[in-house]
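A.B. asks: Numbers given in my numbering equal positions in the sequence shown, counted from 1, plus 1. By construction, the Cβ of each residue, glycine as well, lies at the ideal position given by its N, Cα and C atoms. This is the structure, below, for whatever I ask next.
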Amino acid sequence: VLGIPEYWIADYAGLGGTRYIGKPKQPTLSICTLIDGEYEIQQFRGNETLVSLTFPDLKLTAEQVLQRGMS
Numbered sequence: 002v003l004g005i006p007e008y009w010i011a012d013y014a015g016l017g018g019t020r021y022i023g024k025p026k027q028p029t030l031s032i033c034t035l036i037d038g039e040y041e042i043q044q045f046r047g048n049e050t051l052v053s054l055t056f057p058d059l060k061l062t063a064e065q066v067l068q069r070g071m072s
């Protein structure tokens, strides 16, 4: 672990393996947060509001972030 407190994975096309983004495959934003030396992964889709410990005042949905990846 490099000590990076949080990183995001934006799979705007839903191409990730079902092991990582679930079934059915759909666009997914994963936020990985370092807690007690291990990363905890939260996944967001569609109009779900993102929850970030690094950016607690951020008010975006997964769809808003993922649409930017498609443009």
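Give the range of the beta strand (DSSP E) segment to which L5 is assigned.
C.D. replies: For the purposes of this step, residue 5 is taken as the residue at position 4 of the sequence shown. Position check: residue 5 holds Ile in this sequence, whereas Leu was assumed. Note, I5: premise wrong, no beta strand (DSSP E); not H, not E.
A.B. asks: Helix, strand or coil: which one does DSSP assign to Q43?
C.D. replies: For the purposes of this step, residue 43 is identified with residue 42 of the sequence shown, where counting begins at 1. Correct three-state label for Q43: strand.
A.B. asks: In whole angstroms, give me the CA-to-CA distance for A14 and G38.
C.D. replies: For the purposes of this step, residue 14 is taken as residue 13 along the sequence shown, with counting starting at 1. For the purposes of this step, residue 38 is taken as residue 37 along the sequence shown, with counting starting at 1. Answer to the nearest angstrom: the Cα atoms are 30 Å apart.
A.B. asks: Would you mind giving the Cβ-Cβ distance between A11 and L61, rounded to the nearest angstrom? I have them listed as a contact below 8 Å.
C.D. replies: Indexing the sequence shown from 1 puts residue 11 at position 10. Indexing the sequence shown from 1 puts residue 61 at position 60. That belief does not hold up - the Cβ atoms of A11 and L61 are roughly 12 Å apart, past 8 Å.
A.B. asks: Using CA coordinates, which residue listed in T19, I32, Q44 is at the minimum distance from F56?
C.D. replies: For the purposes of this step, residue 56 is taken as the residue at position 55 of the sequence shown. For the residues T19, I32, Q44, the minimum Cα distance to F56 belongs to I32.
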